[in-house]
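Engineer: I have a structure I would like to understand better, so I am pasting it below and will then ask my questions one at a time.
2 protein chains.
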Amino acid sequence: MPDRRGYGEACAVAHALDAIGDRWALLVVRELRLGPKRYSDLQASLPGAGPNVLSRRLRELEESGVLRRRVLPPPAGARVYELTPWGAELEPVFRALARWGIGSPVPRRGRLSADSIMLGLRTFFDNEAATDPARRWTALYEFRLDQDVYRLRVVDGRIEELIRGDTGGAADVVVAGSSTAVQQALEGDIGSAVTITGDREALNRLLDAAGARV
Amino acid sequence: MPDRRGYGEACAVAHALDAIGDRWALLVVRELRLGPKRYSDLQASLPGAGPNVLSRRLRELEESGVLRRRVLPPPAGARVYELTPWGAELEPVFRALARWGIGSPVPRRGRLSADSIMLGLRTFFDNEAATDPARRWTALYEFRLDQDVYRLRVVDGRIEELIRGDTGGAADVVVAGSSTAVQQALEGDIGSAVTITGDREALNRLLDAAGARV
DNA sequence: CCGCATCCCCAAAGATACTG
DNA sequence: CAGTATCTTTGGGGATGCGG
Chain H
1 MPDRRGYGEA CAVAHALDAI GDRWALLVVR ELRLGPKRYS DLQASLPGAG PNVLSRRLRE
61 LEESGVLRRR VLPPPAGARV YELTPWGAEL EPVFRALARW GIGSPVPRRG RLSADSIMLG
121 LRTFFDNEAA TDPARRWTAL YEFRLDQDVY RLRVVDGRIE ELIRGDTGGA ADVVVAGSST
181 AVQQALEGDI GSAVTITGDR EALNRLLDAA GARV
Chain A
215 MPDRRGYGEA CAVAHALDAI GDRWALLVVR ELRLGPKRYS DLQASLPGAG PNVLSRRLRE
275 LEESGVLRRR VLPPPAGARV YELTPWGAEL EPVFRALARW GIGSPVPRRG RLSADSIMLG
335 LRTFFDNEAA TDPARRWTAL YEFRLDQDVY RLRVVDGRIE ELIRGDTGGA ADVVVAGSST
395 AVQQALEGDI GSAVTITGDR EALNRLLDAA GARV
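Protein sequence lines correspond, in order, to chains H and A. The first sequence begins at 1 in the numbering used here and counts up by one. The second sequence begins at 215 in the numbering used here and counts up by one.
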């Protein structure tokens, strides 16, 4: 008899699903892809998941080695959840899932969280295009969506860094606005309330390389 | 309000999970990766899933465009389930999941189905090694596991074909045995009851390229 | 037979309230 | 802030049965 409700198969796919196949599990992991978060942050990012479900998923994901709890050093002292190295290796899974999901015959609808917008940019960014000399540029971007700040660094046409945190004023471009406005802008609504400061050409290169999909 | 129990997000990952995130859904798809199957075949391959769950998943997967029902031409006349082109594009997802799952800190245990053994060979086969001239070989393999027969073709060090069906006697090697015996053999149990007929060297190349993992 | 539908039971998810 | 306790609702597991 399997522990909880596993598939009881030795198949590597089934084994992966034993770890991250439960409802909300993979979305919890997604929320940690750009860095550690506290319980309340996760709760706010995943409004559909109740606190009991969330705490249970966190416990199970910790037991299976996908994430770990950590207490930040004083004076912060907050408890945060962060991916283990093995959990961080789920990136190819996210990439494959997102690229598959984007081709769905049934349309996607709904809001994108600030994190999802940034992760989408990275997912659909075409790293291979860096072989084309005309597309090998370098730039530092800062995105300010709702209350969250992200730093994105492109070096020679490749995304080298995407992290929660600011650029200390060193950004070539700063994009600021509500996450909904930025989402609409990426979907082609050119009139939405997004503030762009700095090198617009660098921003266009980024959006072009990402195919303007998120 | 979302249709059934979707995540209600526009995120491409969440949207993918809306389609294949439900319990058993991705394992149903896995069962169809090597070709169409009938309902009873699926039921036999997934003993843990009850008939109600199975038929429901099939209906949902059909609605979301992952698979379709088809009636085989006479005299067979059987109803089979097969992947749509979009469903077949889940291959990178399986590849990423399997390669992640194999690195799990908690050990895998349990039986491998005949299909899973063959799919594992393909998943962990190193296609990139084909750049090495010493590993560019060509061979036709036939595997007979339990009642199932598989044809696997390697051309210039790459797996060009893996299908349910025999080789019409044209195979360079034939591997026959129970799926459990073959699984044990691949796990290193050299004494298990597997019959190998033909070019053993070609078989060794294949197992080596797959890292003997399934 | 094969392809499900129905039924019953339990476990998991959803919602809300509450506590160390 | 970070969860637990509790209750209701929904979905999954397993058996049985029925129509084509």
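Heads up, the beta-carbon is just placed ideally off N, CA and C, and yes, glycines get one too.
Asp346(A) to Thr352(A), Cα distance in whole Å?
Structural biologist: Cα-Cα distance, rounded: 14 angstroms.
Engineer: Check whether the Cβ atoms of Ser278(A) and Leu326(A) lie closer than 8 angstroms to each other.
Structural biologist: Result no, Cβ atoms of Ser278(A) and Leu326(A) do not sit closer than 8 angstroms.
Engineer: Using a Cβ-Cβ cutoff of less than 6 angstroms, which residues in the same chain neighbour Asp208(H) once the five nearest sequence positions on both sides are dropped?
Structural biologist: For Asp208(H), where only same-chain residues beyond five positions count, there are no Cβ hits under 6 angstroms.
Engineer: Verify the CB distance criterion: does Gly211(H) have a CB-CB separation below 8 angstroms to chain A?
Structural biologist: Closer than 8 angstroms: no.
Engineer: Would you say Ser278(A) reaches chain H, if we count a Cβ-Cβ gap shorter than 8 angstroms as a contact?
Structural biologist: Chain H, which has a Cβ nearer than 8 angstroms to the Cβ of Ser278(A), makes this yes.
Engineer: Using DSSP with H/G/I as helix, E/B as strand and the rest coil, what is Ile404(A)?
Structural biologist: Note: Ile404(A) maps to coil in three-state DSSP.
Engineer: Is Thr138(H) helix, strand or coil by DSSP?
Structural biologist: It is coil, neither helix nor strand.
Engineer: Take Cys11(H) as the anchor and find which of Ser330(A), Ile410(A) and Ile404(A) has the nearest alpha-carbon.
Structural biologist: For Cys11(H), the nearest C-alpha among the options comes from Ser330(A).
Engineer: Can you tell me which of Ala230(A), Asn418(A) and Asn266(A) puts its alpha carbon nearest to the alpha carbon of Phe94(H)?
Structural biologist: Checked all of Ala230(A), Asn418(A) and Asn266(A); the closest Cα to Phe94(H) is Ala230(A).
Engineer: Under a three-way DSSP split, which group does Leu162(H) fall into?
Structural biologist: Three-state result, Leu162(H): strand.
Engineer: Should Leu90(H) be flagged as near chain A, meaning a C-beta pair shorter than 8 angstroms?
Structural biologist: Yes - at least one Cβ of chain A is within 8 angstroms of the one on Leu90(H).
Engineer: Rounded to a whole number of angstroms, what is the C-alpha to C-alpha distance between Leu186(H) and Ile102(H)?
Structural biologist: If you take the alpha carbons of Leu186(H) and Ile102(H), they lie about 15 angstroms apart.
Engineer: Are the beta-carbon atoms belonging to Gly198(H) and Val182(H) less than 8 angstroms from one another?
Structural biologist: No; because the gap between Cβ atoms is not below 8 angstroms, this pair is not in contact.
Engineer: For a test of the three-state rule: what should DSSP assign to Ala25(H), helix, strand or coil?
Structural biologist: Note: Ala25(H) maps to helix in three-state DSSP.
Engineer: Give the interface partners of Ile316(A) over in chain H, defined as CB-CB distance under 7 angstroms, in chain order.
Structural biologist: Those are Ala12, listed as they occur along chain H.
Engineer: Give me the residue from Val227(A), Trp238(A), Leu268(A) and Ala407(A) with the minimum Cα distance to Ala98(H).
Structural biologist: Comparing Cα positions, the closest option is Val227(A).
Engineer: Apart from the five residues on each side of it in sequence, which residues of its chain come closer than 8 angstroms, Cβ to Cβ, to Arg59(H)?
Structural biologist: Nothing meets the Cβ criterion.
Engineer: Taking just the CA atoms, how far does Gly249(A) sit from Arg378(A)?
Structural biologist: Near 7 angstroms, if we compare the C-alpha coordinates of Gly249(A) and Arg378(A).
Engineer: Comparing C-alpha positions only, which one of Asp360(A), Asn266(A), Ile373(A) and Arg365(A) sits nearest to Arg349(A)?
Structural biologist: Ranking Asp360(A), Asn266(A), Ile373(A) and Arg365(A) by Cα distance to Arg349(A) puts Ile373(A) first.
Engineer: Name the residue from Leu61(H), Gly77(H) and Ala210(H) whose alpha carbon lies nearest to the alpha carbon of Arg218(H).
Structural biologist: There is no way to answer for residue 218(H), as the model of chain H reaches only from 1 to 214.
Engineer: Name the DSSP beta bridge partners of Ile410(A), please?
Structural biologist: DSSP, once it has assigned bridges, lists Val389(A) as partnering Ile410(A).
Engineer: Closest by CA to Arg108(H), which one among Leu417(A), Leu420(A) and Asp232(A)?
Structural biologist: Nearest of Leu417(A), Leu420(A) and Asp232(A) to Arg108(H), Cα basis: Asp232(A).
Engineer: Helix, strand or coil for Phe338(A) per DSSP?
Structural biologist: Here Phe338(A) sits in helix by DSSP.
Engineer: Taking the alpha-carbon positions, what's the Ala239(A) to Leu275(A) distance?
Structural biologist: Near 7 angstroms, if we compare the C-alpha coordinates of Leu275(A) and Ala239(A).
Engineer: Could you tell me whether any Cβ in chain A is nearer than 8 angstroms to the Cβ of Glu9(H)?
Structural biologist: So yes, Glu9(H) belongs to the interface.
Engineer: So is Met1(H) buried or exposed if we call it buried at 16+ other beta carbons inside 10 Å?
Structural biologist: Any reading at Met1(H) needs caution, since the residue's pLDDT is 38, under 50, leaving its predicted position unreliable; the model's value is listed next. Burial call: exposed.
Engineer: Taking Cβ-Cβ distances shorter than 9 angstroms, what residues in chain A pair up with Ser116(H)?
Structural biologist: Residues of chain A passing the Cβ test: Glu223, Ala224, Cys225, Ala226, Val227 and Ala228.
Engineer: Below 7 angstroms CB to CB, which residues in the same chain sit around Tyr221(A) once its five sequence neighbours on both sides are set aside?
Structural biologist: Cβ neighbours of Tyr221(A) beyond the five flanking positions: Ala228, Leu231 and Asp232.
Engineer: Measuring alpha carbon to alpha carbon, tell me which of Gly157(H), Leu67(H), Trp100(H) and Glu142(H) ends up nearest Glu128(H).
Structural biologist: Nearest option by C-alpha distance: Gly157(H).
Engineer: Keeping to the same chain, check which residues put their C-beta closer than 7 angstroms to that of Trp86(H); ignore five residues upstream and five downstream.
Structural biologist: Result list for Trp86(H): Gly65 and Val66, in chain order.
Engineer: Can you say whether Ala170(H) is buried or exposed, counting buried as having 16 or more other CB atoms within 10 angstroms of its CB?
Structural biologist: So Ala170(H) counts as exposed.
Engineer: Whose C-beta lies closer than 6 angstroms to the C-beta of Leu83(H) among residues of the same chain, with five residues either side of it excluded?
Structural biologist: Excluding sequence neighbours, Leu83(H) sits near Leu32 and Leu67.
Engineer: Interface residues of chain A around Pro105(H) at Cβ under 9 angstroms?
Structural biologist: Result: Ser278, Gly279, Thr298 and Trp300.
Engineer: Which one or two residues does DSSP pair with Arg151(H) in a beta bridge?
Structural biologist: DSSP lists Glu142(H) and Ile163(H) as partners of Arg151(H).
Engineer: Identify every residue that forms a DSSP beta bridge with Val71(H).
Structural biologist: For Val71(H), which the question treats as bridged, DSSP gives the partners Arg79(H).
Engineer: Taking C-beta pairs closer than 7 angstroms, name the residues in chain H that Ala233(A) reaches, listed in chain order.
Structural biologist: Neighbours of Ala233(A) on chain H, chain order: Ser104.
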